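S.K.: Below: one structure in structure tokens.
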Amino acid sequence: MNYLYDFYQSLLTTKQRQYMQLYYLDDWSLGEIAEEYEVSRQAVYDNIKRTENMLEEYEEKLSLFSKFEERSTLIKNLKTAIEKDATTESILLIVDSLERLD
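In the working numbering, the protein residues as written are 12 to 113.
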């Protein structure tokens, strides 16, 4: 969830960002967040769950995080191939895979 938040936080409202940051990044409890914002614990829980669902939907539609992971793996493979003096053809295949991600 932290990665999805990193990628899609700009699409959230200020309140959603604040709740998610406190809950996931600052490790606040639902009760602490509720007390800080003077709302019920249930309201905080509902907001966080709704926001989690939104983040998952954004990822399903945009795939920014999955493309990031795939790109990172391909770059690691490319570095390994270069270090092992792989053939130009195999290096170009990796580069081609990188280009197709976008």
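We treat Cβ as the ideally placed atom computed from N, Cα and C, and that holds for glycine.
Note that this is a predicted model, so its numbers are computed, not measured.
What whole-angstrom Cβ distance do L66 and Y16 have, given they're in contact under 8 Å?
M.R.: Mapped onto the sequence shown, residue 66 falls at position 55. Mapped onto the sequence shown, residue 16 falls at position 5. Between Y16 and L66 the Cβ distance is about 6 Å, and since that is below 8 Å, they are a contact.
S.K.: Is the CB of E70 under 8 Å away from at least one CB in chain B?
M.R.: The structure shown has no chain B; it contains just one protein chain.
S.K.: In the DSSP assignment, the alpha helix (DSSP H) including D107 goes from what residue to what residue?
M.R.: On the sequence shown, position 96 is the one that residue 107 refers to. First-last of the alpha helix (DSSP H) with D107: T99 to R111.
S.K.: Just curious, the alpha helix (DSSP H) that S51 is in, first and last residue?
M.R.: As a working mapping, residue 51 is identified with position 40 in the sequence shown. Element bounds for S51: n/a, residue is neither H nor E.
S.K.: Check whether the Cβ atoms of N58 and Q27 sit closer than 8 Å, and answer yes or no.
M.R.: Position 47 of the sequence shown holds residue 58. Position 16 of the sequence shown holds residue 27. Closer than 8 Å, so yes.
S.K.: Short of 8 Å in beta carbon distance, which residues of its chain neighbour L85, apart from the five on each side in sequence? Order them along the chain.
M.R.: To locate residue 85, count along the sequence shown from 1; it is residue 74. So the qualifying residues of the chain are I105, S108, L109 and L112.
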